[in-house]
Amino acid sequence: MSRPECTGPPELYYDNVQASKYSQNSHIIEVQTRMTERAIELLALPDDNVSKLLLDIGCGSGLSGEVITELGHNWIGVDISEAMLKVAIEDREIDGDVILNDMGDGLPFRPGIFDGAISISAIQWLCHANTRDQYPQKRLLQFFQSLYACMNRGARAVFQFYPETVSQSELITAQATKAGFTGGLVIDFPNSTKAKKVYLVLMVGGIQQLPKALMEEERADHVSSIDRRSIKSDKRDKRKLLKRSRRWIEAKKDRARKHGKPECSSLIANRPRESRCDFERGDSILWWIFPFRFGTISDVDSVRIFVI
């Protein structure tokens, strides 16, 4: 089976059909959630109870963004697939802001605004040229230079990716280093075929020690910690706003205001309506039925019904 990045441009691969399938696949959602949690763990954000602004590169339909939101942080996502962003906004109703952008052309952000950045299964797409004027080395360098500029000093960027070859990993790492980043690869469960995950941990300013990779003997402990987080997530889900409730509608309107969308506020949103029926249980009602035949009214029938 060929790798997705080898089949063509991502904006064509992730069309409306593929975007819908990707966002509804329970296995993909579970795997991406675990990888996002690990990526945020590798960011080593300070535990000061202050929400951070994170960048989600290749955010897709917002699966990673939902994890960021659950952890109490704000985020902005970029992706080249309009279909994936449409699913994120209309179907998943994400809390973050998303931008249609080709990361190979650079990131359109002001200097030093992000406290961290993550990317799940996206960076390897830049290693492939889909047109004659695309050069992977130049696109990678332009991307990393723009990312370095919009990161705070001391912040980290973590990329989970699936390298096709060793030379591909070396190319990505070399271009990141040339842009000014320090850091390197962290490979979790290196001896496992299925569980092996590769993370590129990049740091802005100063020399920092690379995080420790997870080994096979730590796998059970790590999975159990994720399960504990999922239990907490279930508790959070129970506290989530009930869909179509008044608070849910107000939250949706508030999110629309933040996104700059005009909306009409109403004082009677979701107010329970009084019954328009004046009949009580056991009352009988006489209904008249007028059958129409050939455009004229014929015999008049009546039927008596009871309110139950």
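Using this note's numbering, read the sequence shown as starting at -6 and increasing by one per residue. Note that beta-carbon positions come from the ideal geometry of N, C-alpha and C, so glycine has one too.
Just how far apart, CA to CA, sit Lys231 and Thr62?
Only weak support is given to the placement of Lys231: the predicted model assigns it a pLDDT of 42, under 50, and the value that follows is read from those uncertain coordinates. The C-alpha of Lys231 lies about 16 Å from the C-alpha of Thr62.
What separation, rounded to the nearest whole angstrom, lies between the Cα atoms of Ala37 and Tyr7?
Looking at the two C-alpha atoms, the distance is approximately 32 Å.
Beta carbon of Gly89 nearer than 9 Å to that of Cys52
The answer is yes: Cβ separation under 9 Å.
Starting from the C-beta of Met28, find all residues in its chain whose C-beta is less than 7 Å away, skip the five residues before and the five after it, and write them out in chain order.
Residues Ile113, Gln153, Lys190 of the same chain have their beta carbon placed closer than 7 Å to that of Met28, with the five preceding and five following residues left out of the count.
Length of the line joining the Cα atoms of Met196 and Ser238
Approximately 44 Å, taken between the alpha carbons.
Keeping to the same chain, check which residues put their C-beta closer than 6 Å to that of Ile87; ignore five residues upstream and five downstream.
The answer, listed in chain order, is Gly55, Gly58, Ala81.
What do you get for Gly147, buried or exposed, if any count of 16 or more other CB atoms within 10 angstroms of its CB means buried?
Result: exposed.
Tell me which same chain residues have a C-beta within less than 6 Å of the C-beta of Asp108, skipping the five on either side of it?
Excluding sequence neighbours, Asp108 sits near Lys45, Leu46, Asn145, Ala148.
Considering only residues of the stretch -4 to 69, which uninterrupted alpha helix (DSSP H) runs meet the minimum length of 4 residues and lie entirely inside it, listed in chain order?
Listed in chain order, they are 3 to 6, 9 to 17, 19 to 36, 56 to 63.
Beta-bridge pairing of Asp181 - partner residues as DSSP gives them:
Lys190.
Tell me whether Asp72 is buried or exposed, calling it buried when 16 or more other Cβ atoms sit within 10 Å of its Cβ.
Its Cβ being crowded by 16 or more others within 10 Å, Asp72 is buried.
Distance check for Arg(-4) and Val159, CA to CA, integer angstroms please.
Using only the alpha carbons, I get a separation of about 16 Å.
Suppose the cutoff is 7 Å on Cβ atoms and the five residues either side in sequence are ignored; what does the same chain contact list for Leu203 look like?
Only Gly176, Gly177, Val179, Val194 meet the Cβ criterion.
Would you call Gly199 buried or exposed, if buried means 16 or more other Cβ atoms sit within 10 Å of its Cβ?
It is exposed - the Cβ of Gly199 has fewer than 16 other Cβ atoms within 10 Å.
Let me make sure I understand the geometry here. Which of Cys143, Glu243, Asn123, Glu163 has the alpha-carbon closest to that of Cys(-1)?
Nearest C-alpha to Cys(-1): Asn123.
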